[in-house]
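Residue numbers (my numbering): 16 to 121.
In structure tokens:
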């Protein structure tokens, strides 16, 4: 005599398989679309390097937002590719220059 699976056990198994398929099909993919050209920005002299960096990030974001074809979706520095951050200290304070290719996530 063979044991046949209970209807509840079969339904539970199907549900688990279905959820696994859905989770795989709808998992977020880190797909990005990027600009073809990098964007350069400089900040104003600041007494502290951390403040110079904040100002330069803000200037980079502002510049990206105003460029035709880019705008706000591309203005996230964390998504940018090929980034460079350089800061210089002088008698008037610290000035930073950032360059990065703006990208956006789908």
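The beta carbon of each residue, even a glycine, is placed where N, CA and C say it ideally should be.
To the nearest angstrom, how far is it from the Cα of residue 50 to the Cα of residue 120?
-> Rounded to whole angstroms, residue 50 to residue 120 spans 12 angstroms at the Cα level.
Below 6 angstroms CB to CB, which residues in the same chain sit around residue 59 once its five sequence neighbours on both sides are set aside?
-> The residues are 70.
Nonlocal neighbours in the same chain, by C-beta distance under 8 angstroms from residue 52, ignoring five residues either side = Closer than 8 angstroms at Cβ, skipping near neighbours: 116.
Bounding residues of the alpha helix (DSSP H) (the contiguous stretch that carries residue 64) = For residue 64, the enclosing alpha helix (DSSP H) covers residues 64–81.
Locate the beta strand (DSSP E) running through residue 113, then write down its first and last residues.
-> Its beta strand (DSSP E) spans residues 108–116.
Could you name the residues of the same chain whose beta carbon sits closer than 6 angstroms to that of residue 112, not counting the 5 residues immediately before and after it, in chain order?
-> So the list reads 57 and 101, once near-sequence residues are dropped.
Can you tell me where the beta strand (DSSP E) with residue 59 in it begins and where it stops?
-> DSSP places residue 59 in no beta strand (DSSP E); its state is neither H nor E.
Closest by CA to residue 118, which one among 87, 109 and 63?
-> It is 87 whose Cα lies nearest to the Cα of residue 118.
Inter-residue Cα distance where the pair is residue 73 and residue 82 | Cα-Cα distance, rounded: 15 angstroms.
Whose C-alpha, out of 65, 47, 54 and 55, is nearest the C-alpha of residue 108?
-> For residue 108, the nearest C-alpha among the options comes from 65.
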